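Peer 1: Sharing a structure with you now.
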Amino acid sequence: MAEPTPRSPARLLTELALFYAVFAGALAALESDAFLKLTARFSAPAQLAMHVGVALVVGTGGVLLLVRRDANPRATLSLTPLPAREAFGFGAMGFVLAYACSSSMGLFYLAATRTSLHDLLENRGPVLELFAKTPLAMVLPLALVVGLYEELVFRGYVLGRLREALASTKLQPLQQNAIAIAVSAALFGALHAYQGGYGIFQTAGAGLALGALVVWRKSIWPAVIAHASIDSFGLFALHVLVPKLQDFLHQAGHAAR
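In our numbering, the protein residues as written are 16 to 272.
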């Protein structure tokens with residue numbers, strides 16, 4: 016069997032840009048007034064399931080379509096299997112590192128924009144309230160699905176294609192990986208623009224840690240576990256924190272009058 020023809024960086028980046036545009040467009044459509052009106056008659060769990068389902072089909076389907084002709088699609092997407100103990104152990108490490116990077120980037124945004132804690136909570140309140148409406152029974156399944164497909168898309172496909180495109184440059188491997196991780200994290204953060212500037216920086220920070228973890232372990236499975244753990248912890252926490260957040264903003268509003 017003939018070896019596959021090496022693809023030029025320009026071709027790889029064009030393919031990546033087209034995929035990202037389609038995926039970002041699909042997510043934007045899910046947030047549009049037209050889609051929200053169309054699904055308004057459905058229950059909150061049904062709306063959430065449709066939102067995640069469309070993103071899952073477009074993201075995962077697009078990735079699998081684009082890598083089908085690769086010499087080794089599993090390697091392309093860093094789907095290298097790991098022993099359960101290793102996957103969960105490094106997944107726990109990824110959970111801690113992602114939270115640390117996410118918090119650091121969030122604090123950097125607050126300092127750079129001089130945003131007060133009250134303004135941050137007030138601006139992010141609607142988003143947090145929306146997430147808090149996730150039924151508890153859906154939290155774990157939702158976190159697993161989102162963790163899997165977002166890691167497949169960003170740390171599997173996007174990061175993988177960037178690394179392949181940079182492999183033919185004169186940069187050192189460490190530099191190539193650093194650039195690929197940073198760009199993939201920025202693209203990951205940009206798709207969370209609906210959470211505002213703080214959400215973009217926070218998500219990009221998590222993307223940096225998860226990208227580094229995938230490059231280090233040569234597998235996305237620890238990142239999938241870390242991502243699902245982050246989402247599960249966050250959604251469970253919001254059920255407790257949002258009522259307190261609402262009380263805080265209510266009291267702050269009365270104090271300002």
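Note that beta-carbon positions come from the ideal geometry of N, C-alpha and C, so glycine has one too. Predicted model, so just to flag it, every value in this text is computed and none were measured.
Look at the Cβ atom of A219, then the Cβ atom of A193, and state whether they are nearer than 7 Å.
Peer 2: Their beta carbons are not under 7 Å apart, which means A219 does not touch A193 by this criterion.
Peer 1: Going by C-alpha distance, which of L151, A64, V230, L206 is nearest P188?
Peer 2: If we check each option's Cα against that of P188, V230 comes out closest.
Peer 1: Please report the distance separating the alpha-carbon of F57 from that of D48.
Peer 2: Those two C-alpha atoms are separated by around 15 Å.
Peer 1: Cutting at 6 Å between CB atoms, please list the residues of its own chain near G171, excluding the five before and the five after it.
Peer 2: Taken in chain order, the residues that qualify are L92, S93, I235.
Peer 1: Can you tell me whether L33 is helix, strand or coil according to DSSP?
Peer 2: Three-state result, L33: helix.
Peer 1: Taking one C-beta from the region 103-118 and one from the region 240-251 each time, how about it: are there three or more such pairs within less than 8 Å?
Peer 2: Yes, since at least three Cβ pairs between the region 103-118 and the region 240-251 fall closer than 8 Å, the two stretches touch.
Peer 1: What is the C-beta distance between L163 and G226, in whole angstroms, given that I count them as a contact (C-beta under 8 Å)?
Peer 2: L163 to G226, Cβ: 16 Å. No contact.
Peer 1: Quick check: is the beta carbon of Y114 nearer than 7 Å to any beta carbon in chain E?
Peer 2: The structure shown contains no chain E; it is built from a single protein chain.
Peer 1: May I ask which residues mark the beginning and end of the alpha helix (DSSP H) holding I235?
Peer 2: Looking at the DSSP string, I235 is not in any alpha helix (DSSP H), and its letter there is neither H nor E.
Peer 1: What do you get for Y288, buried or exposed, if any count of 16 or more other CB atoms within 10 angstroms of its CB means buried?
Peer 2: This structure cannot speak to residue 288, because the chain is shown only from 16 to 272.
Peer 1: Touch check for the region 19-37 and the region 174-184: three-plus C-beta pairs under 8 Å?
Peer 2: Yes, the region 19-37 touches the region 174-184.
Peer 1: Are the Cβ atoms of L155 and S247 separated by less than 7 Å?
Peer 2: Yes, they are a contact pair.
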